[in-house]
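The listed protein sequences derive, respectively, from chains A and B. Adding 831 to a residue's 1-based position in the first sequence gives its number in this note's numbering. Adding 831 to a residue's 1-based position in the second sequence gives its number in this note's numbering. Quick reminder that beta carbons are idealized off the backbone N, C-alpha and C, glycines included. Note that this is a predicted model, so its numbers are computed, not measured. First up is the structure itself, then whatever we jot down about it.
2 protein chains.
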Amino acid sequence: MLIGASAVRGFGEAIYAVNPATGERLQPGFPGGSAAEVDRACALAQAAFPTFRETTPEHRARFLETIADQIMGLGESLIERVMAESGLPRPRLEGERARTCGQLRLFAQVVREGSYLDARIDPALPERQPMPRVDLRLRNIAIGPVAVFGASNFPLAFSVAGGDTASAFAAGCPVVVKAHSAHPGTSALVASAIRRAVELCELPEGVFSLLFGSGNTVGSGLVSDRRIKAVGFTGSYTGGTALMRIAAQRPEPIPVYAEMSSINPVLVMAGASAARGKAIGTAFAGALQLGAGQFCTNPGLILAIDGPGVDAFVAGAREALENAVPQTMLTPGIHAAYEQAVAALSQHDAVSTVVRGGACQGAYEARAGLFETDAESFRKMPELREEVFGASALLIRVANAAELGEMLEELEGQLTISIHMDDSDTADAAMLLPTLETKAGRLLVNGFGTGVEVSHAMVHGGPYPATSDGRTTSVGTLAIRRFLRPVCYQDMPEALLPPALRDGNPLNIWRMTDGQFDRR
Amino acid sequence: MLIGASAVRGFGEAIYAVNPATGERLQPGFPGGSAAEVDRACALAQAAFPTFRETTPEHRARFLETIADQIMGLGESLIERVMAESGLPRPRLEGERARTCGQLRLFAQVVREGSYLDARIDPALPERQPMPRVDLRLRNIAIGPVAVFGASNFPLAFSVAGGDTASAFAAGCPVVVKAHSAHPGTSALVASAIRRAVELCELPEGVFSLLFGSGNTVGSGLVSDRRIKAVGFTGSYTGGTALMRIAAQRPEPIPVYAEMSSINPVLVMAGASAARGKAIGTAFAGALQLGAGQFCTNPGLILAIDGPGVDAFVAGAREALENAVPQTMLTPGIHAAYEQAVAALSQHDAVSTVVRGGACQGAYEARAGLFETDAESFRKMPELREEVFGASALLIRVANAAELGEMLEELEGQLTISIHMDDSDTADAAMLLPTLETKAGRLLVNGFGTGVEVSHAMVHGGPYPATSDGRTTSVGTLAIRRFLRPVCYQDMPEALLPPALRDGNPLNIWRMTDGQFDRR
Chain A
832 MLIGASAVRG
842 FGEAIYAVNP
852 ATGERLQPGF
862 PGGSAAEVDR
872 ACALAQAAFP
882 TFRETTPEHR
892 ARFLETIADQ
902 IMGLGESLIE
912 RVMAESGLPR
922 PRLEGERART
932 CGQLRLFAQV
942 VREGSYLDAR
952 IDPALPERQP
962 MPRVDLRLRN
972 IAIGPVAVFG
982 ASNFPLAFSV
992 AGGDTASAFA
1002 AGCPVVVKAH
1012 SAHPGTSALV
1022 ASAIRRAVEL
1032 CELPEGVFSL
1042 LFGSGNTVGS
1052 GLVSDRRIKA
1062 VGFTGSYTGG
1072 TALMRIAAQR
1082 PEPIPVYAEM
1092 SSINPVLVMA
1102 GASAARGKAI
1112 GTAFAGALQL
1122 GAGQFCTNPG
1132 LILAIDGPGV
1142 DAFVAGAREA
1152 LENAVPQTML
1162 TPGIHAAYEQ
1172 AVAALSQHDA
1182 VSTVVRGGAC
1192 QGAYEARAGL
1202 FETDAESFRK
1212 MPELREEVFG
1222 ASALLIRVAN
1232 AAELGEMLEE
1242 LEGQLTISIH
1252 MDDSDTADAA
1262 MLLPTLETKA
1272 GRLLVNGFGT
1282 GVEVSHAMVH
1292 GGPYPATSDG
1302 RTTSVGTLAI
1312 RRFLRPVCYQ
1322 DMPEALLPPA
1332 LRDGNPLNIW
1342 RMTDGQFDRR
Chain B
832 MLIGASAVRG
842 FGEAIYAVNP
852 ATGERLQPGF
862 PGGSAAEVDR
872 ACALAQAAFP
882 TFRETTPEHR
892 ARFLETIADQ
902 IMGLGESLIE
912 RVMAESGLPR
922 PRLEGERART
932 CGQLRLFAQV
942 VREGSYLDAR
952 IDPALPERQP
962 MPRVDLRLRN
972 IAIGPVAVFG
982 ASNFPLAFSV
992 AGGDTASAFA
1002 AGCPVVVKAH
1012 SAHPGTSALV
1022 ASAIRRAVEL
1032 CELPEGVFSL
1042 LFGSGNTVGS
1052 GLVSDRRIKA
1062 VGFTGSYTGG
1072 TALMRIAAQR
1082 PEPIPVYAEM
1092 SSINPVLVMA
1102 GASAARGKAI
1112 GTAFAGALQL
1122 GAGQFCTNPG
1132 LILAIDGPGV
1142 DAFVAGAREA
1152 LENAVPQTML
1162 TPGIHAAYEQ
1172 AVAALSQHDA
1182 VSTVVRGGAC
1192 QGAYEARAGL
1202 FETDAESFRK
1212 MPELREEVFG
1222 ASALLIRVAN
1232 AAELGEMLEE
1242 LEGQLTISIH
1252 MDDSDTADAA
1262 MLLPTLETKA
1272 GRLLVNGFGT
1282 GVEVSHAMVH
1292 GGPYPATSDG
1302 RTTSVGTLAI
1312 RRFLRPVCYQ
1322 DMPEALLPPA
1332 LRDGNPLNIW
1342 RMTDGQFDRR
């Protein structure tokens, strides 16, 4: 573990990663921490907070960029360890590393640009009648130390130096990470890169700590700790809601940003299906199998307006899937859960199997699966609406756009909804759009949600239970807002005002003066 | 009650307001509603939501302005009813009415200006390597129907058409108000004004409903209703945390924006106290007594660096308070709670009485009180840190700025903290400022928090337990953000895009394109 500047060995049960491609247990073991290490990491984070949150934009931006440099500097040793711990192929992991570093660099730009501070100035109006107006200035400040839980499925991009950590650092929040037990070695390597960046940028050691823990002690201890002011989590519904409960029961409740579960409906409209059903089916099969289906945005439900085009869709999907090479899943546990869920679907009275992927060789490889059920069964049987983590999807034929709308109304919140449509489907799509907007954080046309761009306009969020808090996103620059709160300064002398709010705009950022944006 | 377009008489226990100046029970009674009325109001709100949230900015702005016009149109009948129900003097209520209408008009400007939509466009980059970028566009949409609880202490500005309602309407959310039982007649009048505005603006009836209820059925029913997506509340810690628990236990938890309790520390620094201790004491006495001290921002704690200036402060406060005319409190219940809290302070072993206001005449009049205790008792005895709702404050002399800082560290979250300082206090104030920022939503220099400007840079919020959610404000234009969530549109054809995100910027609003603000 890394507690501030100190490498610390825990006394708890050791965590060993398993290479899912070979079943081999990987050395070394990483003994878990206890309440004492949680306390120490939180105390250091708290001590680092006043300094870190008031670092200059340039200083914090360079810190983010230095982390990216240091991660790249780990070179081959990092890639090899992640491959061993995750079973994911090299190109995917090199891409994920690029994305992770790109994310850190993008947040550096956000920090330099400064509009995330939401600086606002309402100048004094001493002559106003019947009462003069005081001078009021507002900026966002960092919320406090943040606890981040690494995710299994993106061992780099949603883990130790992933999106939650990058956005919390950008906001000015120290971070305490609980490593995911599936990739402790990767976590330790990335933590060492962050630690080096802390040193190189001469920041207080408590800006970052990494903890291991196999049970719940470390995780629940972190979320309960009075010094932690927000939580970032990507994982299961069970895990996310457990953290929400702990956070709500604290003497001071704190926000939990948990990205949890989504079946990401794919709507296939009549015109699109008639014109190019087969091509949509082929493209769907590709999206379904990306990363062995272990994406939060995996397309788990297809709602297709019935017609010959749907048969073409099925033909396209079948062809692509039955020849597909099975892929190794992330962990034995995830593989077992997938096999169980798919077996349950295969044997379900209301479900027929459309196609399964080719035969497996490795012990933890998984065959993709496309299943079909009818609308009525789907509406009646909640087990059919549950997320299957992996490359499994359920197809439902519906009579028309109106029935599609009714089914959507009954769905829970989602991360994404895709619409496959042609010009002739525009009226139907327009009719459905208001429902789609209330059901998901991202709506896509003629694509699949599996690629999540890290940019300014991305929303990787959505109404409960897709996430715990649909007012936010965990990917993209808007994610910084999760870790900020506004403070108003009234009649504060120039000498005490933060630079963002001083006269003359020394940071040269966008500000709102008397309700008007400017950069004066 | 008003359920959409229908005036409905409840079958529950009738609520009668009491004129606190006379003790007289006011006619008529307002029978409370039941689960059936909650259900009907929420169903109508849900039905109105798709239309209301997509009204044009101009349409929604005119709706807000029409409400203001209609409230003014109630004229003398409104002022007389509020005076009778609250015991508040006419000038204060005319001012509060102006503020309420001004708030509605300011939100109309916010809706027209459009930057609250946070429109962002990341144009497609088809040539990008290694992967093209899709077209991504983001805007905020209204979160859904909102439940608003009227507050006792601002029967207009924080009640039926108060800040929560105005900001929710501005965001595009239908509102169901539960009236405060202290001013049912005022609530019914204001509700009729909103109802007229709904009609005049040809909006769906479910945009607004008003419910009465004396027990918890209506309130908890509203917060539990699956169609309600957020809650606005101003009131007690007990009430606010009860709503938070209900909201957290729903199948779909929702945000509760509860503004609850704050003792609003006033720091008197050494230089200021030496130079003008008496004047600060006089000004403090004025702030303490505003509205009979029934403000969430009432200055309930003075932390003064000890010295002769503090004696001058006490002299100034004593002179002003002992000659002060007692004021009528809002309700018999509030009066009783105040009397009990002040009696407990008067009799507390660790507390001495500095001064009490002049003798009372009316039954529900209250005498202001300034008490003193020592730092050690204050730190040890939690009962001394509790908010007293009314014109009571506790003075503590501290040795120096360092001790002041230690005491502030131990305080809970606050709405406001005031610093009285001169130039010679700048170094001490700068040392304290980081702590102040983490403890309160608004920091004031040489003023008191009791005036809350409705503007762009205002924050009326603060860390728990001042509010349930320190990331937001309940006063000022930033309040609109509580009722919004972001949605991302990927590769959406122009015909389906909302106007805010179309090419050519038809709404002429500020947008972020590729990370740069512009109005193209």
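Quiz item: In chain order, what residues of the same chain have a beta carbon less than 7 Å from the beta carbon of R1149/A, not counting five sequence neighbours either side?
Solution: V1185 and V1186
Exercise. Could you work out which residues of chain B lie near V1062/A, taking near to mean beta carbons separated by less than 8 Å?
Key: In chain order: nothing, as chain B lies at least about 14 Å away.
Quiz item: Checking contacts by CB at 8 Å: is V1141/A closer than that to chain B?
Solution: no
Quiz item: For G1200/B, which of helix, strand or coil comes out of DSSP?
Solution: strand
Exercise. Please confirm if the stretch 1067-1083 of chain A is in contact with the stretch 909-926 of chain A, defined as three or more CB-CB distances below 8 Å between the two stretches.
Key: no
Self-check item: Bridge-paired residues (DSSP) for F1352/A
Solution: This structure cannot settle anything about residue 1352/A, because the visible part of chain A is limited to 832 through 1351.
Quiz item: Using a beta-carbon distance below 8 Å, is F1373/A in contact with chain B?
Solution: Nothing can be reported for residue 1373/A, as the shown portion of chain A is limited to 832 through 1351.
Quiz item: What's the C-alpha gap between E896/A and V1062/A?
Solution: 23 Å
Practice problem: Within the stretch 1103-1161 of chain B, note down every full alpha helix (DSSP H) run reaching 4 residues or more, in order along the chain. | Solution: 1139-1153
Quiz prompt | Burial state of Q1158/B, where buried means 16 or more other Cβ atoms lie within 10 Å | solution = buried
Quiz item: Y1320/B touches chain A at which residues, Cβ-Cβ below 7 Å?
Solution: L1274
Quiz item: How should E854/A be labelled, buried or exposed, when 16 other C-beta atoms within 10 angstroms of its C-beta is the threshold for buried?
Solution: The amino acid occupying residue 854/A in the given sequence is Gly; Glu does not appear at that position. Exposed.
Exercise. Note down, in chain order, every chain A residue with its Cβ under 8 Å from the Cβ of D953/B.
Key: E1284, S1286, H1287, A1288 and M1289
Quiz item: Rounded to the nearest angstrom, how far is the Cβ of Y847/B from that of P1084/A, given a contact under 8 Å?
Solution: Rounded, the Cβ-Cβ distance is 36 Å, inconsistent with contact.
Quiz item: Does DSSP put I952/B in a helix, in a strand, or in coil?
Solution: strand
Practice problem: Take S1004/A as the anchor and find which of P1130/A, L1315/A, R936/A and R964/A has the nearest alpha-carbon. | Solution: For the record, residue 1004/A in the displayed sequence is Cys; it is not Ser. Ranking the options by Cα distance to C1004/A, first place goes to L1315/A.
Quiz item: What span of residues does the alpha helix (DSSP H) with M903/B cover, start to end?
Solution: P888 to G904
Exercise. Using only alpha-carbon positions, find the residue among G841/B, S837/B, P851/B and T1298/B that is nearest to A1197/B.
Key: P851/B
Quiz item: Going along chain B in order, which residues have a C-beta closer than 7 Å to the C-beta of P881/A?
Solution: P1265
Quiz item: Between which two residues does the beta strand (DSSP E) containing C1319/B stretch?
Solution: L1315 to Q1321
Self-check item: Closest by C-alpha distance to G1138/A, when choosing among N1129/A, G1108/A, G1244/A and G1122/A
Solution: G1108/A
Practice problem: Answer yes if the stretch 1008-1018 of chain B comes into contact with the stretch 1324-1331 of chain A, meaning at least three C-beta pairs across the two stretches below 8 Å, and no otherwise. | Solution: no
Practice problem: Enumerate in chain order the residues of its own chain whose CB-to-CB distance from T1308/B is below 6 Å, with the five nearest sequence positions on each side excluded. | Solution: V941 and H1287
Quiz item: Between L1031/B and the rest of its own chain, which residues show a CB-CB distance below 7 Å, the 5 nearest in sequence each way excluded?
Solution: T897
Practice problem: Measure the CB-CB distance between L1161/A and S983/A and report whether it falls below 8 Å. | Solution: yes
Quiz item: Are the stretch 947-957 of chain A and the stretch 855-862 of chain A in contact at 8 Å, needing three or more beta carbon pairs?
Solution: no
Self-check item: Start and end residues, beta strand (DSSP E) containing F1064/B
Solution: A1061 to T1065
Practice problem: Kindly indicate which three-state DSSP category V1182/A falls into: helix, strand or coil? | Solution: coil
Quiz prompt | Nearest neighbour of E911/A, chosen from L956/A, T1266/A and S1018/A [CA to CA] | solution = S1018/A
Quiz item: When we look at the beta-carbon of E868/B and count the other beta-carbons within 10 Å, is it buried (16 or more) or exposed?
Solution: buried
Quiz item: Distance, Cα to Cα, A997/B vs A874/A?
Solution: 42 Å
Exercise. To the nearest angstrom, report how far apart D1345/B and R964/B are at their CA atoms.
Key: 12 Å
Exercise. Write down every uninterrupted run of the alpha helix (DSSP H) in the stretch 1193-1253 of chain A whose length is 4 residues or greater and which is fully enclosed by it, in chain order.
Key: 1206-1211 and 1232-1241
Quiz item: So, is the C-beta of S1305/B closer than 8 Å to a C-beta in chain A?
Solution: no
Self-check item: Members of the stretch 916-947 of chain B near chain A, C-beta cut-off 9 Å
Solution: G926, A929, L937, Q940, V941, E944 and S946
Quiz prompt | Per-residue burial, P1317/A [other beta carbons within 10 Å of its own, 16 or more giving buried] | solution = buried
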